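FYI, the numbering for the sequence shown is 148 to 688, going by the numbering used here. Idealized CB from N, CA, C, for every residue including glycine. Source: prediction; values computed, not measured. This report concerns only the one structure given below.
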Amino acid sequence: RLQYEVPDGFAGPDRFEYVVEDASGLTDTGTVTIDVTYSGTVIVSNNCSDSSFSGLQEAISFAHPVLGGEILLGPGTWVGPFSTDRPITIRSIEGPDMTRLVNLGADVPVLSIAAPEGDVRIEGVTFSQAVHGAVQVSAARVDVENCRFVECTNDSEGGAMLLEVDSAYVRNCRFDDCQAPTGGAIHARTAGSLLIADSDFHSCSASESGGAIQAESLIVRINRTTIGNASAPLGAAGLSSSFRLLDTVVCGSGSTPFEGSIEDIGGNDLGGDCDCESAPWRIPSDCNGDGIDDRCSTSDGSTVDQDRNGLPDDCLPPLPVFPTRWSSECGGNDHWYELVVARNPISWPDARSEARTRGGKIASLSVQAESEFVFRRVASEPRGWDGTQGPWIGLQRVNQQWIWHDGSPYGYTNWTPGQPDGSGNGACLWNGSGITDLWDDQPQSTPHKSYIVEYDNEDCDGDGLPDEWEIFTGFEDDLDGDGIPDDCSGTPGDLNGDGLVNGADLGLLLGAWGTQGPGDLDGSGIVDGGDLGLLLGAWTG
Numbered sequence: 148r149l150q151y152e153v154p155d156g157f158a159g160p161d162r163f164e165y166v167v168e169d170a171s172g173l174t175d176t177g178t179v180t181i182d183v184t185y186s187g188t189v190i191v192s193n194n195c196s197d198s199s200f201s202g203l204q205e206a207i208s209f210a211h212p213v214l215g216g217e218i219l220l221g222p223g224t225w226v227g228p229f230s231t232d233r234p235i236t237i238r239s240i241e242g243p244d245m246t247r248l249v250n251l252g253a254d255v256p257v258l259s260i261a262a263p264e265g266d267v268r269i270e271g272v273t274f275s276q277a278v279h280g281a282v283q284v285s286a287a288r289v290d291v292e293n294c295r296f297v298e299c300t301n302d303s304e305g306g307a308m309l310l311e312v313d314s315a316y317v318r319n320c321r322f323d324d325c326q327a328p329t330g331g332a333i334h335a336r337t338a339g340s341l342l343i344a345d346s347d348f349h350s351c352s353a354s355e356s357g358g359a360i361q362a363e364s365l366i367v368r369i370n371r372t373t374i375g376n377a378s379a380p381l382g383a384a385g386l387s388s389s390f391r392l393l394d395t396v397v398c399g400s401g402s403t404p405f406e407g408s409i410e411d412i413g414g415n416d417l418g419g420d421c422d423c424e425s426a427p428w429r430i431p432s433d434c435n436g437d438g439i440d441d442r443c444s445t446s447d448g449s450t451v452d453q454d455r456n457g458l459p460d461d462c463l464p465p466l467p468v469f470p471t472r473w474s475s476e477c478g479g480n481d482h483w484y485e486l487v488v489a490r491n492p493i494s495w496p497d498a499r500s501e502a503r504t505r506g507g508k509i510a511s512l513s514v515q516a517e518s519e520f521v522f523r524r525v526a527s528e529p530r531g532w533d534g535t536q537g538p539w540i541g542l543q544r545v546n547q548q549w550i551w552h553d554g555s556p557y558g559y560t561n562w563t564p565g566q567p568d569g570s571g572n573g574a575c576l577w578n579g580s581g582i583t584d585l586w587d588d589q590p591q592s593t594p595h596k597s598y599i600v601e602y603d604n605e606d607c608d609g610d611g612l613p614d615e616w617e618i619f620t621g622f623e624d625d626l627d628g629d630g631i632p633d634d635c636s637g638t639p640g641d642l643n644g645d646g647l648v649n650g651a652d653l654g655l656l657l658g659a660w661g662t663q664g665p666g667d668l669d670g671s672g673i674v675d676g677g678d679l680g681l682l683l684g685a686w687t688g
């Protein structure tokens, strides 16, 4: 009998040779190949030395058949199609600006997942060059967050996504110019509900019905979403039996954009006029600083987008729509970094103050690897520069000593040759000949176009975005002012934050009954009996 022990942290095909000898001295040799699956987290990246697999399909194939697994996907263009029958999570390391899945020829979707009994999650990816659909999922539940779907089409159902699931949650996603006969962007068949939140649908169309969304669901909930310039003969914006709408704008899609009953929870604006530039997009993007939203300029051809990622090609490297995370999987600190272009030229002290207001701090680049990452992925965006003068960083001179604003050790330096020359007490990126990662000292009153914000690694809801940034931008509510998104309450039903669920919380919930205010524990968009049941179930007295 041969015994095999799996190497620590290993997954994939393994092969070993054996030699056995019996009591008479006869020997036998052979080779055994074993497929080792994983159920934890693996990395697929061209940039990380710790990458577990060389390709995405290989990683998908070796996920555990029942438990599935999580794949952290590195930046780049990954060419499919990809398919699996396993419940998996695909989460990009650096977000949709840097991570793209495409299909260059096969007549199937870019990503197909058939795991009827499991949960599927897709996060932080751009799908493009999808002429047979981008994502097709059959599962118990699917969550799609922080993704971008650009010019995704299908000749049957769901230009971007075809979902056959018990329940589906789509959040912080952008759908641009998606088309299909039914469900121009999304066609969903769900036994329960379909929830779409904090998302944008731009110029999606269907030749038959459901220009943006078609759903065969008990109810379609759409919260804080913009649908602009959708079209279809029936249900320009959407077709379903029932829609529940909250803080949603539908414009340029006809006077009666939905086919199906509508429950207006509040804050909606339906049936108005707009064009791409005037629509109130939830996920704005203007990476080249031309004053026109990227989806508008790339859609009408006024700027070139050959790689079809929804951003003008002159954004090199592309400016992230969201803060960019330097992940620990790639040797980082799990902090996020954001290039902020100020409304007006800004001094070093004001940049420090604004960074605090945003929930972060002016960035410290105290380690070489950190400095190189931030420059490559964030700080080198041209619109943050004024000629040779780049963004402020968190380095200042105090009592003739250079210190990082957050107290990080001042060891690694990257000064331009001849600097610092004593001309100022604040540091920025500059070298006198173009965009660079080198530093210069300048008077702190010098007006700069931009600064770099660093956010700590707090992400209580696990959506790949820093909590403080989400609160600052309005992506998440913080009604109790504790700096933590309200949907991350440690005790469900503890509405006043005292650690208990009791009569005080019950009073707050009943006071908000029938509104969208505090007490919406199940995320339905309204405080009702479902929330009351959750609160009573968590009662501590």
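Taking 7 Å as the cut-off, decide whether the C-beta atoms of residue i and residue j are in contact.
i: cysteine 325; j: cysteine 299; result: yes
i: leucine 386; j: glutamate 406; result: yes
i: threonine 246; j: valine 272; result: yes
i: serine 511; j: aspartate 553; result: yes
i: glutamine 543; j: asparagine 572; result: yes
i: threonine 337; j: serine 364; result: yes
i: tryptophan 660; j: histidine 595; result: no
i: valine 267; j: valine 284; result: yes
i: serine 597; j: valine 488; result: yes
i: aspartate 606; j: glycine 457; result: no
i: alanine 206; j: valine 189; result: yes
i: threonine 504; j: tyrosine 484; result: no
i: glycine 280; j: phenylalanine 469; result: no
i: isoleucine 412; j: isoleucine 673; result: yes
i: alanine 526; j: isoleucine 439; result: no
i: valine 191; j: leucine 173; result: no
i: glycine 401; j: cysteine 421; result: no
Can you tell me where the alpha helix (DSSP H) with residue i in it begins and where it stops?
i: leucine 512; result: Segment: none, leucine 512 is in no alpha helix (DSSP H) and carries neither H nor E.
i: aspartate 497; result: 495-504
i: glutamine 589; result: Not the alpha helix (DSSP H): glutamine 589 falls in the beta strand (DSSP E), residues 586-589.
i: glutamine 453; result: First-last for glutamine 453: undefined, no H or E at that position.
i: arginine 321; result: Note, arginine 321: premise wrong, no alpha helix (DSSP H); beta strand (DSSP E) at 321-323.
i: leucine 626; result: Per DSSP, leucine 626 belongs to no alpha helix (DSSP H) and is neither H nor E.
Tell me the rounded alpha-carbon separation between residue i and residue j.
i: glycine 621; j: aspartate 633; result: 12 Å
i: glycine 227; j: valine 257; result: 6 Å
i: glutamine 663; j: glycine 252; result: 46 Å
i: isoleucine 181; j: leucine 219; result: Residue placement at isoleucine 181 is poorly supported in this model, since its pLDDT is 48, which falls under 50; the coordinates still yield a value, given next. Computed Cα separation, rounded: 24 Å.
i: asparagine 293; j: proline 431; result: 13 Å
i: alanine 119; j: serine 446; result: Outside the shown range of the chain, which is 148 to 688, sits residue 119, and nothing can be said about it.
i: tyrosine 316; j: asparagine 649; result: 31 Å
i: proline 564; j: alanine 210; result: 50 Å
i: serine 671; j: leucine 681; result: 13 Å
i: glycine 569; j: glutamine 515; result: 23 Å
i: proline 467; j: glycine 448; result: Any reading at proline 467 needs caution, since the residue's pLDDT is 49, under 50, leaving its predicted position unreliable; the model's value is listed next. Each residue's Cα considered, the two are about 21 Å apart.
i: glycine 688; j: aspartate 608; result: 27 Å
i: glycine 677; j: glycine 666; result: 10 Å
i: glutamate 501; j: leucine 309; result: 42 Å
i: isoleucine 240; j: glycine 658; result: 42 Å
i: aspartate 347; j: glycine 558; result: 45 Å
i: alanine 383; j: glycine 414; result: 20 Å
i: glycine 611; j: glycine 506; result: 16 Å
Kindly indicate the opening and closing residues of the beta strand (DSSP E) around residue i.
i: phenylalanine 619; result: Looking at the DSSP string, phenylalanine 619 is not in any beta strand (DSSP E); the run it does join, the alpha helix (DSSP H), is 614-620.
i: glutamate 311; result: 308-318
i: glutamate 355; result: 352-356
i: glycine 227; result: 223-227
i: cysteine 398; result: 396-398
i: aspartate 678; result: Looking at the DSSP string, aspartate 678 is not in any beta strand (DSSP E); the run it does join, the alpha helix (DSSP H), is 676-684.
i: arginine 295; result: 295-297
i: isoleucine 673; result: Neither: isoleucine 673 is in no beta strand (DSSP E) and is coded neither H nor E.
i: arginine 544; result: 536-545
i: alanine 362; result: 360-363
i: aspartate 290; result: 282-292
i: serine 239; result: 235-239
i: glycine 664; result: First-last for glycine 664: undefined, no H or E at that position.
i: glutamine 326; result: 326-329
Determine the closest residue to residue i out of the options, with distance taken between C-alpha atoms.
i: alanine 651; options: Gly672, Gly554 and Trp686; result: Trp686
i: tryptophan 577; options: Pro492, Ser592 and Trp532; result: Trp532
i: serine 513; options: Asp608, Trp549, Thr535 and Val312; result: Trp549
i: cysteine 423; options: Asp629, Cys351 and Gly507; result: Cys351
i: serine 389; options: Tyr557, Ala379, Gly413 and Ile366; result: Ile366
i: aspartate 588; options: Ala574, Ile599 and Arg442; result: Ala574
i: valine 289; options: Ile240, Val278, Ile343 and Leu248; result: Ile343
i: isoleucine 582; options: Asp675, Glu528, Asp641 and Ser402; result: Glu528
i: serine 580; options: Trp551, Gly537 and Leu612; result: Gly537
i: valine 213; options: Val249, Trp473 and Gly265; result: Gly265
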